[in-house]
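Residue numbers (our numbering), protein chains in the order written: chain D, 21 to 209; chain R, 6 to 202.
Here you go:
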């Protein structure tokens with residue numbers, strides 16, 4: 021009986037430690053239904069907020085795209101991504117191509133910004149619109165100093181509407197690898 | 006700026022339709038940005054107020070670009086002054102949010118040997134000018150145009166906004182990646198003290 025209580029206490033302690041170390045939250049905007057998933061872990065804050073296809077289309081039409089040119093990206097399960105180094109033990113460095121999307125327990129490759137640009141150039145999107153597209157994306161690679169460096173940008177997951185996936189986000193600090201997983205994220209309708 | 010307003014007023018009479026289109030597009034895009042901004046969790050990501058100290062300062066890359074009056078501004082002509090170089094775009098939500106605080110920093114430091122240059126990426130005067138009127142307080146520092154992104158590439162910008170602070174010797178001594186509250190006392194103090202060294 022005593023052993024069982026001890027195991028229970030240790031289990032509870034470990035669960036609490038993991039929870040405290042890596043807090044994931046979900047927020048649904050009442051009026052729009054747009055959902056945000058956010059995780060705070062190891063001094064890093066990371067969040068994904070759904071961008072509805074119509075929002076993405078409107079954004080890029082205003083940057084010089086035609087409606088047809090916006091279709092593929094807008095329907096590729098796009099998120100407003102925020103990553104911030106609040107108080108990690110050093111400079112957070114990431115390469116986005118190292119991140120993994122897991123859908124139905126299978127890894128799914130993120131479409132790179134360069135691949136999108138190549139595709140859009142074939143559709144004859146004009147140069148200023150391409151420039152806006154490039155810089156509106158979450159950076160392919162970045163360094164965030166502790167104390168508040170951050171970025172906000174779009175991230176295309178490349179899955180169909182309403183897909184559910186986990187995103188494994190990886191970074192390193194002075195060569196030491198870190199990761200966190202945002203679980204149960206869903207693509208907008 | 007007076008020249009620009011005159012120019013714009015003149016164009017309003019002649020090219021009324023074009024300007025109405027520009028204003029409508031700006032209003033629509035602002036609404037979209039506002040809605041998407043509002044949708045972020047329970048609130049917007051906070052603007053932070055730390056500057057990263059560059060441990061081994063190097064000379065700032067070249068920066069010679071046209072301003073809103075179509076005149077060139079060259080950072081080389083600003084040696085001896087502290088120069089705050091902010092890379093931004095009107096469609097970038099944190100860039101929009103920090104712009105008012107950048108103006109407050111400018112107002113607080115313009116008589117202290119400090120210059121602020123806001124380098125817009127990939128847009129034109131017709132897009133930027135209406136946006137300026139929406140910022141409170143409206144920016145009075147020079148807005149420069151990096152129309153093809155060449156300068157930001159030389160400055161190794163990886164995401165918008167990014168701000169560099171160049172000391173009077175022309176070396177980059179601070180960097181800030183992401184939106185900041187530039188009127189925060191800590192940032193103001195750091196900038197002013199550079200100008201007084």
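Glycine included, each C-beta is placed from N, C-alpha and C at the ideal position.
query = Listing by chain order, which chain R residues have their CB less than 8 Å from the CB of residue 7 of chain D?
reply = Residue 7 of chain D cannot be examined here, being either before or after the span of chain D that is shown, 21 to 209.
Neighbouring residues, chain D, relative to residue 63 of chain R (Cβ below 7 Å) = Residue numbering aside, residue 63 of chain R sits at position 58 when the second chain is read from its first letter. Within 7 Å Cβ-Cβ: nothing; residue 63 of chain R doesn't reach chain D, min ~16 Å.
query = Going by the CB atoms, is the gap between residue 182 of chain R and residue 118 of chain D shorter than 8 Å?
reply = Indexing the first chain from 1 puts residue 118 of chain D at position 98. Indexing the second chain from 1 puts residue 182 of chain R at position 177. No, the Cβ-Cβ distance between residue 118 of chain D and residue 182 of chain R is not below 8 Å.
First and last residue of the uninterrupted alpha helix (DSSP H) at residue 157 of chain R = What you label residue 157 of chain R is simply residue 152 of the second chain in a count that begins at 1. That run of the alpha helix (DSSP H) goes 155-159.
Rounded straight-line distance, which links the Cα of residue 137 of chain R to that of residue 33 of chain R = Position 28 of the second chain, counting from 1, holds the residue named residue 33 of chain R. Position 132 of the second chain, counting from 1, holds the residue named residue 137 of chain R. A caution first: residue 33 of chain R carries a pLDDT of 45, below 50, which makes its placement in the model unreliable, though a value can still be read off. One C-alpha to the other measures close to 16 Å.
task = Return the CA-CA distance between residue 150 of chain D and residue 94 of chain R, expressed in angstroms with no decimal places.
result = Along the first chain, one-based indexing puts residue 150 of chain D at 130. Along the second chain, one-based indexing puts residue 94 of chain R at 89. Cα to Cα, residue 150 of chain D sits roughly 14 Å from residue 94 of chain R.
task = For residue 176 of chain D, count neighbouring Cβ atoms within 10 angstroms of its own Cβ and tell me buried if that reaches 16, exposed if not.
result = Residue 176 of chain D sits at position 156 when you count from the first residue of the first chain. Label assigned to residue 176 of chain D: buried.
message = Which residues in chain D have a C-beta closer than 8 Å to the C-beta of residue 96 of chain R? List them in chain order.
response = Translated into positions along the second chain, residue 96 of chain R becomes position 91. Within chain D, 79, 82, 83, 152 and 156 have C-beta atoms less than 8 Å from the C-beta of residue 96 of chain R, given in sequence order.
query = alpha helix (DSSP H) containing residue 83 of chain D: first to last residue?
reply = In the first chain, counting from the first residue as 1, residue 83 of chain D sits at position 63. Note, residue 83 of chain D: premise wrong, no alpha helix (DSSP H); not H, not E.
task = Scan the region 106-131 of chain D for residues whose Cβ lies nearer than 8 Å to a Cβ of chain R and list them as they occur along the chain.
result = none
request  = Determine the contact status of residue 119 of chain R and residue 162 of chain R, defining contact as a CB-CB distance below 8 Å.
outcome  = Here residue 119 of chain R refers to the residue found at position 114 when the second chain is read from its first residue. Here residue 162 of chain R refers to the residue found at position 157 when the second chain is read from its first residue. Going by C-beta atoms, residue 119 of chain R is not nearer than 8 Å to residue 162 of chain R.
task = List the residues that DSSP assigns as beta-bridge partners of residue 143 of chain D.
result = Your numbering for residue 143 of chain D matches position 123 in the first chain. In DSSP, residue 143 of chain D forms no bridge with anything.
inquiry  = Can you tell me where the beta strand (DSSP E) holding residue 102 of chain R begins and where it ends?
reply    = Residue 102 of chain R sits at position 97 when you count from the first residue of the second chain. It is not in any beta strand (DSSP E) - residue 102 of chain R instead sits in the alpha helix (DSSP H) that spans 98-114.
query = Considering only C-alpha positions, which residue in the set R/62, R/72 and R/61 is nearest to residue 134 of chain R?
reply = In the second chain, the residue the question calls residue 134 of chain R occupies position 129. Minimum Cα distance to residue 134 of chain R is reached at R/72.
query = Hey, would you say residue 121 of chain R sits closer than 8 Å to residue 89 of chain R, going by beta carbons?
reply = Here the question's residue 121 of chain R lines up with position 116 in the second chain. Here the question's residue 89 of chain R lines up with position 84 in the second chain. A contact, by the Cβ cut-off of 8 Å.
ask   = From R/172, R/151, R/105 and R/63, pick the residue whose C-alpha is nearest to that of residue 199 of chain R; which is it?
value = The residue labelled residue 199 of chain R in the question sits at position 194 within the second chain. Of the candidates R/172, R/151, R/105 and R/63, the one whose C-alpha sits nearest the C-alpha of residue 199 of chain R is R/172.
task = Have a look at R/129, R/176, R/155 and R/113 and flag the residue whose alpha-carbon is nearest the alpha-carbon of residue 60 of chain R.
result = On the second chain, position 55 is the one that residue 60 of chain R refers to. The shortest Cα separation from residue 60 of chain R among R/129, R/176, R/155 and R/113 belongs to R/176.
ask   = When you check each C-beta in the region 125-136 of chain R against every C-beta of chain D, which residues fall closer than 7 Å?
value = 126 and 127
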